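Everything in the sequence shown is counted per my numbering, starting at 15 for the first residue and increasing by one. Glycine included, C-beta positions come from ideal geometry on N, C-alpha and C. No experiment lies behind these values; they were computed from the predicted model shown. Comments concern the structure below.
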Amino acid sequence: MKTPQEIGLPELLDLADNGKFKQMTIDGKKQLVFVNVSDISGWKAIAIIDEMELTGRIEEIMTPIFITCFIMLTLILASIFLLTKKYVIEPVSGLTEGVMALANGDLEYRVAIGKNNEFGILAAAFNDMASKLKANFKEIRQQNQMILWNISKQKEIEKQIARLDQLNIIGEMAAGIAHEVRNPMTTVRGFLQMLSKKEYHSPHSHYYSLMIEELDRANEIITEFLSLAKNKAVNLRYLNLNHIINAIVPLIQADATVSNKVITLELSEIPDLLIDEKEIRQIILNMVRNGLEAMQEKGEIKVRTYCEANQVVMEIADQGPGIKAEMLKNIGIPFQTTKDSGTGLGLAVCYSIAARHNAKISVSTGVTGTQFFVKFEMDQDS
C-alpha cells in the first residue's frame, strides 16, 4: 500500500484550499479532494473521492427524484387542465354555443348555470337576455302581424269603397235615365199587347210574346240597376232573419227541385235586426240562385244563420267548382259574370243592399264549393 508521500499528497495538499473541493488527478484518475485544517491542532483532514463514483452516486439519487418530480408535474398540469376545462373552458364553450344558437334564431336555447361564480352569473345573465329577446321578438312579430292585418284590412276597405263607388255611380246613372227609358218601353209594351190580340195578327202572336218578354227582361235589368244606388230608400224594421228565410224557402226549394238539387237549412237562434225585408229577400234569392246555377245535379245548397262576435251571420254555401282567382278579385263588380247569360248584376245588387244595411259580405271558395257570408252588426239593444 502506498504512503501519502509516495502518491504525492503533501505537494497536492499545498495546492488545495482549506474548506473547498478541488479536482486532482491521482494515479491517473480524476479525484475530488477536500481539505479541512483544524484551527486548534493544525491537523489536516483529507477526504478523497473518485469523481466517477461520486457522479454515479449522484445519478442514483437524482434519477428517482427527477422521475418523481416529472410525475408530480404531470399530475399537477393534468389537474390544472381538468380544472380549467371544467371551470373555464366548458362554461365558455357553453356560452359560445348559446351565442351561436341565438345568432341562428334559436331563442329557446338556454345555458346550464353552474356554481355561483363569475361564469354562473354570466350564464344567468345570458339566459335572462335570451328570455327578453324571445319576448321582444314575439312582441315584434305580433306587431308585424297587426301591421300586415291592418294593411290587408285597409286594402279590403279600399276595395269595398271602390266597388261601392262603382255601384253607386251606375245606380245614379240608372236612376237618371230609368224614367226616360221606362216611359217609351211601357208605351211600346202596351201597343204590342194590343196588336197581339188582333185576329189578323194571330199567326205572328209568338213574335209579339217574345218582344213583350224581352221588354219585361229589360225592365228587370233597369230595376236591378236602380238597386245599385246608394241613396235608394229602404224600409227598415226590426225583423228576424230566420223568419224571412223560412218565408221564401218554398220559392227557392222549387227552383232547386226543378234542377234536381237540394236546399238545407241550419238556422240558429238569433236576435232581430233592423232590415228591409224585400232587400234581404233579394240577397237570399240572388245568392241561392247563383249557387244552384254553379252546381251539378244532386248538389246541395246549405243556408245557415248564427251569431259570431257581436254579428249575425247568414252563410250560403254551395257545392260548385269554386270561383277562379281572377274572377274572385272582381266579385261584386257590375257586369262581371262567369255565366254565359246574365248581366253580372246579381252579386253587385247584393253588395249594394249589404252596404245599405251596414253589413259586410265575404267569400270563401275552393274546388269543393263556395261560401258567402253576410255579416250584420247586432243592435246594442238586442
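Could you please give me the residues that DSSP links to residue i through a beta bridge?
i             : result
leucine 121   : Leucine 121 pairs with nothing; no bridge assigned.
leucine 46    : Gln37, Ile63
cysteine 321  : Val326
glycine 380   : Gly383
threonine 374 : Checking the displayed sequence, the identity of residue 374 turns out to be lysine instead of threonine. The partner list for lysine 374 (beta bridge, DSSP) reads Lys389.
alanine 331   : Lys316, Gln385
Step through the CB atoms of chain C and report whether any lies within less than 8 Å of the CB of residue i.
i             : result
glutamate 329 : Among the chains in the structure shown there is no chain C, since it carries only a single protein chain.
So what's residue i in DSSP terms, helix, strand or just coil?
i              : result
leucine 288    : strand
glutamate 391  : strand
glutamate 227  : helix
valine 326     : strand
glutamine 385  : strand
valine 248     : coil
alanine 92     : helix
glycine 134    : helix
isoleucine 315 : strand
leucine 253    : strand
isoleucine 337 : coil
lysine 16      : Bear in mind that a pLDDT of 47 at lysine 16, under 50, signals an unreliable position, so the number given afterwards is only what the model happens to contain. Here lysine 16 sits in coil by DSSP.
isoleucine 298 : helix
glutamate 280  : strand
alanine 144    : helix
histidine 220  : helix
alanine 126    : coil
leucine 273    : Per the sequence presented here, residue 273 reads as serine, with leucine not at that position. Coil.
methionine 309 : coil
leucine 397    : There is no way to answer for residue 397, as the model of the chain reaches only from 15 to 396.
asparagine 344 : coil
lysine 99      : helix
lysine 152     : helix
lysine 212     : coil
Would you report the Cα separation of residue i and residue j, rounded to the nearest angstrom?
i                : j                 : result
valine 272       : cysteine 364      : 24 Å
leucine 342      : isoleucine 375    : 13 Å
glutamine 296    : arginine 196      : 22 Å
glutamate 314    : alanine 373       : 26 Å
isoleucine 226   : glutamine 207     : 8 Å
asparagine 150   : glutamate 104     : 29 Å
isoleucine 337   : threonine 379     : 6 Å
valine 276       : valine 381        : 19 Å
histidine 371    : glutamine 325     : 13 Å
serine 166       : methionine 328    : 23 Å
valine 102       : glycine 108       : 10 Å
alanine 81       : isoleucine 75     : The question names alanine, but residue 81 in the sequence shown is isoleucine. Roughly 11 Å separates the two Cα atoms.
leucine 147      : arginine 155      : 12 Å
phenylalanine 48 : glycine 70        : 19 Å
leucine 89       : lysine 100        : 16 Å
isoleucine 79    : methionine 38     : 29 Å
serine 93        : valine 51         : 52 Å
leucine 281      : lysine 316        : 10 Å
isoleucine 153   : serine 145        : Note that residue 153 is glutamate in the sequence shown here, rather than isoleucine. C-alpha separation (whole angstroms): 12 Å.
isoleucine 54    : lysine 34         : 19 Å
alanine 232      : arginine 203      : 11 Å
aspartate 120    : leucine 359       : 54 Å
leucine 361      : threonine 201     : 31 Å
isoleucine 461   : alanine 339       : Residue 461 cannot be examined here, being either before or after the span of the chain that is shown, 15 to 396.
alanine 270      : aspartate 332     : 12 Å
isoleucine 294   : alanine 323       : 21 Å
leucine 306      : glutamate 122     : 53 Å
glutamate 228    : serine 210        : 15 Å
asparagine 158   : glutamate 170     : 18 Å
isoleucine 46    : phenylalanine 95  : Before going on, a small fix: residue 46 reads as leucine here, not isoleucine. Approximately 46 Å, taken between the alpha carbons.
isoleucine 127   : phenylalanine 133 : 8 Å
glutamate 65     : leucine 97        : 46 Å
Should residue i be listed as close to the ligand ZN, given that the test is whether its C-beta is under 7 Å from any heavy atom?
i              : result
isoleucine 135 : Annotation note on the ligand ZN: not contained in the displayed structure, which lists no ligands.
Subject >> Stretch-stretch touch, CB-based, cutoff 8 Å, three pairs: the region 256-269 with the region 202-222 >> reply: When C-beta atoms of the region 256-269 are compared with those of the region 202-222, fewer than three pairs fall below 8 Å, so the two segments do not count as touching.
Original post:
Counting Cβ pairs, one atom from each stretch, are 3 or more of them under 8 Å apart for the region 75-89 and the region 110-121?
Top reply: The region 75-89 is not in contact with the region 110-121.
Original post:
Between the region 381-393 and the region 272-289, are three or more C-beta pairs nearer than 8 Å?
Top reply: The region 381-393 is in contact with the region 272-289.
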